[in-house]
Structure formats: structure tokens, C-alpha cells
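The structure under discussion appears below in the form of C-alpha cells.
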Amino acid sequence: AIVKANRLGDVEGAFTIAWIREDGSISLARDGIGERTLYYAQSNDGFAFASSIALLLRMNAMPRVLSPTALAAYLSCAYLPGRETLVRGVYELLPGEMVTWRNGKVTCESIWRLPVSVETPSDESALRNELRCRLTKALERRLPENEPAGIFLSGGLDSSVIAALAASDTRVTTVSMGFAESSTDER
Numbered sequence: 008a009i010v011k012a013n014r015l016g017d018v019e020g021a022f023t024i025a026w027i028r029e030d031g032s033i034s035l036a037r038d039g040i041g042e043r044t045l046y047y048a049q050s051n052d053g054f055a056f057a058s059s060i061a062l063l064l065r066m067n068a069m070p071r072v073l074s075p076t077a078l079a080a081y082l083s084c085a086y087l088p089g090r091e092t093l094v095r096g097v098y099e100l101l102p103g104e105m106v107t108w109r110n111g112k113v114t115c116e117s118i119w120r121l122p123v124s125v126e127t128p129s130d131e132s133a134l135r136n137e138l139r140c141r142l143t144k145a146l147e148r149r150l151p152e153n154e155p156a157g158i159f160l161s162g163g164l165d166s167s168v169i170a171a172l173a174a175s176d177t178r179v180t181t182v183s184m185g186f187a188e189s190s191t192d193e194r
């Protein structure tokens with residue numbers, strides 16, 4: 008019902024989904040935050056998709072050719088911006104995006120927009136309460152009920168706040184990693 012009503016952007020939580028439309032075209036969609044990955048490729052043999060590049064490369068029709076532009080981007084930025092991957096012809100579905108393969112052509116469209124709240128409390132105390140309330144509700148949706156939880160502490164404020172809020176209602180085990188090089192140290 009959500010797919011037919013074109014309301015995938017309203018779904019909360021992590022997901023990737025694929026479906027065949029009535030006209031025979033194939034559509035793929037990814038959650039707005041991008042918690043789950045989905046890759047796709049088009050070849051002379053058709054259209055393929057998988058949750059990892061390794062799965063796509065298992066197909067005989069998928070050539071294993073390095074993308075020089077993606078490699079240059081990775082060496083410059085230390086990550087790959089956009090949908091291009093290190094394998095030529097293999098693309099990542101972007102967060103909040105839907106890709107449709109129809110008659111040998113791929114089209115992309117956005118299905119999710121960052122929610123914009125028009126009503127903002129004016130005083131600092133109300134803003135603090137609103138933030139705490141929203142974070143608590145988000146944790147309630149994601150943490151297991153009546154079970155201990157594990158949280159990775161990255162050394163930043165966000166993971167510390169999440170751990171503190173979670174610990175008020177749940178038994179929490181935290182994990183942190185340290186590295187010799189200070190730029191990658193998580194403590």
C-alpha cells in the first residue's frame with residue numbers, strides 16, 4: 008500500500024526495497040538517512056542489484072573494472088561522494104532515493120526530504136525540553152524493550168548524549184576504540 012500510494016518517504020527507519028511495477032519496470036528505494044546500502048548495475052544482459060558490491064561482482068556479466076574517476080575522488084576525499092563506486096558501472100543508491108529501470112534506462116528521483124519544522128519554541132528552556140523529548144522518543148523506537156543495549160562511544164558529544172539517555176531506562180554496555188594516530192582515535 009505504501010509503494011502504490013508513493014509514500015515511501017514517510018516510512019521511518021532503515022530499509023531498502025525492490026519491486027516490479029505493473030508495467031514490468033523495476034524500482035529500488037532506500038531510506039532517507041541511508042542506513043542500509045543498495046547497489047545497482049546495468050549491462051547488456053539487463054539490470055542487477057544487491058546489498059553489496061561483492062554480490063554484484065559474482066554475476067558473470069559484471070566486468071571487474073576499476074573506475075579511475077571514482078579512485079581519484081576517493082584518494083582526494085577519503086570517501087566516495089555521490090553514487091559512483093570504485094567499480095565502473097556499479098552505482099550506489101543514494102539515501103532517500105528511488106531508482107527505476109524501465110526499457111533499458113535508469114531514472115533517479117528523490118523520495119525523502121529532511122523534515123522542516125515551522126514551529127520552534129522561542130526560549131532556551133523549551134528548546135532543551137523539545138530536544139530531550141525527541142531524542143528520548145527516537146531511542147524508545149530503536150532500543151530493545153526490557154533488554155540490555157550496546158552503544159559505541161565515538162568520543163563525540165552525540166554518542167555520549169545517546170548513551171546517557173539510554174542508561175536512564177536501560178542497562179547499557181558501552182564500547183570505545185583507541186588508535187595510536189590521533190586523527191583516527193575514537194576515545
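If you count by our numbering, then the sequence shown holds residues 8 to 194, one letter each, in order. Ideal Cβ placement from N, Cα and C applies to all residues, glycine included.
Taking 8 Å as the cut-off, the beta carbon of Val106 is found no closer than this to the beta carbon of Ala48. Taking 8 Å as the cut-off, the Cβ atoms of Leu45 and Ser34 do not count as close. The beta-carbon distance between Arg37 and Arg43, rounded to whole angstroms, is 6 Å. This is short enough to meet the 8 Å contact definition. Residue environment analysis places Ala77 among the buried positions, since at least 16 neighbouring C-beta atoms fall within 10 angstroms of its C-beta. Secondary structure note for Thr76: its alpha helix (DSSP H) is the uninterrupted segment 75–84. Below 8 Å, enough C-beta pairs join the region 142–162 and the region 171–189 to call them touching: three or more. Distance from Thr143 to Leu160 at the Cβ level is roughly 19 Å; contact not present, criterion being Cβ atoms closer than 8 Å.
Across the structure, Asn136 and Glu126 are spaced so that their CA atoms are roughly 14 Å apart. In the structure shown, Arg71 adopts coil according to DSSP, grouped into three states. Contact check for Arg95 and Ser117: beta-carbon distance about 25 Å, past the 8 Å limit, so the pair fails to qualify. Inclusion of Trp108 and Phe54 in the CB contact set at 8 Å is warranted, their separation being smaller than that value. Apart from sequence neighbours up to five positions away, the residues of its chain that approach Ser50 with a beta-carbon distance below 6 Å are Ala68, ordered along the chain.
When only Cα atoms are considered, Ala133 and Arg139 end up about 10 Å apart.
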